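Following: one structure in structure tokens, then a few remarks.
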Amino acid sequence: MEHLDDQERQEVWTNIKDALFNDHIDQFRAEFLELHPYDQARIFEDLDKEIRMQIYTYLSPEEVADVMEHIDYDEIEPFFTEMEPTFAAQVFAEMSTDDAVDILNELDKDKVASFLTIMDDDAADEIKDLLHYEEKTAGSIMTTEFVVVKAGMTIKEAMVHLRTEAPDAETIYYTYVINEDKRLVGVISLRDLIISEEEWLISDVMNERVVSVSVGEDQEEVARMVRDYDFLALPVVDFQDHLLGIITVDDIMDVMEEEASDDYSKLAAVSDVDSPDDNAFASAKKRLPWLVILLFLGSLTASLIGRFEDTLDQVAILAIFIPLIAGMAGNTGTQALAVAVRGIATGEIEKQGKWKMMMREAGTGIITGLSCGVLITLIVYIWHENFFLGVLVGLSIFMTLVVATLAGSLVPLLMHRLKIDPAVASGPFITTVNDLISILIYFGLATAFMNLLI
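Written out as structure tokens, the structure is:
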């Protein structure tokens with residue numbers, strides 16, 4: 001069934017609700033299971049607890065698992081908490097191992113231990129193997145549900161094996177080849193398996209140039225590899241090249257969304273994006289630390305202006321242009337910051353070189369600064385009929401934009417060099433620092449050329 005819009009989903013929900021209220025189990029199952037799991041999840045999220053408890057009795061653990069895999073992990077805990085524990089454990093056992101691990105990581109440790117105790121031993125062991133990997137690494141997002149064949153098999157033997165194992169595998173488009181020591185030695189596509197002669201050996205058909213990733217690799221680097229190589233799946237190995245699991249493209253999409261959300265929240269000077277369920281106090285707790293830091297930095301700006309009080313007393317009109325110069329510094333610094341953070345995140349800076357990027361940003365700062373400087377010089381001269389005031393403001397804009405552009409690109413590079421997340425060099429932070437720089441430049445020039453302004 002195609003993707004439902006809100007109106008269609010409401011119509012389907014009306015039919016499902018009628019079937020539930022009238023205890024027409026077969027009608028409910030026919031209506032509900034015809035939907036794509038994504039639409040099932042959207043409807044399921046809007047239900048009252050009483051109705052959900054009724055649905056749990058109408059669906060199998062496998063069918064509920066399909067629904068749970070399409071609900072956001074940070075919103076899923078209430079559903080597993082309300083389920084009967086044995087049923088919840090069965091749902092986890094039916095889910096893809098990597099999805100089950102992601103959800104269990106969101107739950108209380110005592111609940112996790114309880115579910116694993118109740119769960120089938122084989123399923124519990126697979127989940128335990130993944131739970132001990134550090135979060136946001138390849139090991140934490142891989143799945144152990146994949147198909148392998150041995151290099152010494154014939155194509156016919158491999159196809160028989162594939163038919164047996166495929167129903168439980170996450171994907172069969174790539175089949176990985178191992179040797180007798182369970183080391184990854186090759187990969188063969190489903191297409192190559194189908195078109196090859198039955199008596200040929202896997203070792204003669206497989207591609208020995210396998211791109212793999214270490215189990216401890218950061219998930220952001222894994223996402224970059226999948227993007228660069230256009231893979232549907234990526235094998236995960238240990239330091240001896242033993243095949244431990246695979247990471248599929250759907251998991252990479254989740255990683256990319258998570259990383260983008262994380263970087264955006266840091267660029268906004270928030271430690272974590274506010275959840276819709278957060279109350280005012282929870283949201284304030286997340287935002288307050290950065291705001292306090294920025295408050296002190298802002299106080300430094302005010303103090304700096306105070307040191308040039310004599311200059312302002314003599315030429316009061318200088319105060320008019322403070323917001324303009326500070327605002328331009330913040331704007332151009334934030335633009336350079338966004339380019340630098342994106343370049344670091346995508347690996348583009350590593351390819352082109354940091355020095356080349358800095359030279360490009362310096363050139364950009366000079367061109368934009370010169371253009372804006374000349375323009376504001378003409379505007380101020382026409383407005384106030386004071387040529388030297390126009391030159392002062394224009395020169396300040398020029399110098400500020402050059403310095404702010406370099407600062408916006410240099411700070412993330414320094415943080416990256418120090419192994420600190422460059423997104424922490426957030427927009428508000430750069431803006432406040434550039435305020436200090438711009439005020440210092442502006443009033444420093446004004447003080448130096450005071451005789452020409454009076």
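In the UniProt record's numbering, the protein residues as written are 1 to 454.
Using N, Cα and C, we set each Cβ at its ideal position, and we do this for glycine too.
Only a predicted model underlies this, so the values are computations on that prediction, with no experimental measurement involved.
By the Cβ test, the region 399-406 is in contact with the region 327-344, since at least three Cβ pairs between them sit closer than 8 Å. Of all C-beta pairs linking the region 214-221 to the region 154-164, fewer than three are shorter than 8 Å, placing the two stretches out of contact.
Taken in chain order, the unbroken stretches of beta strand (DSSP E) that lie wholly in the UniProt domain "CBS" (206-264) and span 3 residues or more are 233-237, 243-248. In the DSSP assignment, Gly363 falls within the unbroken alpha helix (DSSP H) covering 354-384. In this structure, Phe146 lies near Gly245, with their beta-carbon atoms less than 8 Å apart.
Sixteen is the threshold: when 16 or more other Cβ atoms of the shown chains lie within 10 Å of the Cβ of Met357, as they do, the residue is buried. By the Cβ rule, the region 120-128 does not count as touching the region 204-215, because fewer than three pairs are nearer than 8 Å. In this structure, Ile55 is the residue among Gln40, Ile55, Tyr38, Asp39 with its C-alpha nearest to the C-alpha of Leu20. Boundaries of the beta strand (DSSP E) harbouring Ile188: 184-189, taken from the DSSP string. In this structure, DSSP gives Tyr38 a helical state, which the three-state scheme calls helix.
A straight line joining the alpha-carbon of Phe398 with that of Lys285 spans about 39 Å.
Considering only Glu75, Leu107, Met450, the residue with the shortest C-alpha distance to Asp313 is Met450.
Leaving aside the five residues that flank Val339 on each side, none in its chain has a CB nearer than 6 Å to its CB. Using a C-beta cut-off of 8 Å, the region 135-143 makes no contact with the region 75-93, since fewer than three inter-stretch Cβ pairs fall below that distance. Where Val177 is concerned, there is no enclosing alpha helix (DSSP H), although the beta strand (DSSP E) around it starts and stops at 174-178.
For Thr57, the secondary structure class from DSSP, reduced to helix, strand or coil, is helix. Two segments are said to touch when three or more pairs of C-beta atoms, one from each, lie closer than 8 Å; by this definition the region 223-232 does not touch the region 185-200. Within the same chain, and ignoring the five residues on either side of Lys156 in sequence, the residues whose Cβ sits closer than 6 Å to its Cβ are Glu198. Measuring C-alpha to C-alpha distances from Asp39 to each of Asp310, Asp66, Gly327, Glu134 identifies Asp66 as the nearest. In the three-state reduction of the DSSP assignment, Val91 falls in the helix class. In the displayed model, Lys150 falls within a strand according to three-state DSSP. Boundaries of the alpha helix (DSSP H) harbouring His161: 155-165, taken from the DSSP string. About 29 Å separates the Cβ atoms of Thr154 and Glu126, ruling out a contact at the 8 Å cut-off.
It is roughly 19 Å from the alpha-carbon of Gly186 to the alpha-carbon of Ala166. According to the DSSP secondary-structure assignment, Thr143 is paired through a beta bridge with Ile246. For Thr81, the enclosing alpha helix (DSSP H) begins and ends at 77-82. The region 433-442 and the region 359-368 do not touch, with fewer than three beta-carbon pairs separated by less than 8 Å. Annotation for Glu31: the continuous alpha helix (DSSP H) segment containing it runs 25-33. In this structure, Leu59 lies away from Val101, with their beta-carbon atoms at least 8 Å apart. In the three-state scheme derived from DSSP, where H, G and I count as helix and E and B as strand, Thr405 is classed as helix.
In this structure Pro289 is exposed. Its beta-carbon is surrounded by fewer than 16 other beta-carbon atoms within 10 angstroms. A straight-line Cα-Cα distance of about 7 Å links Glu350 and Ile344. In the DSSP assignment, Val101 falls within the alpha helix (DSSP H) that extends over 97-104.
Here Val393 has Phe321, Ile376, Val380 as same chain residues with Cβ atoms under 6 Å from its own Cβ, once five neighbours each way along the sequence are excluded. The continuous alpha helix (DSSP H) containing Lys111 extends over residues 109-118.
With a threshold of 16 other beta carbon atoms within 10 Å, Asn22 falls short and is exposed.
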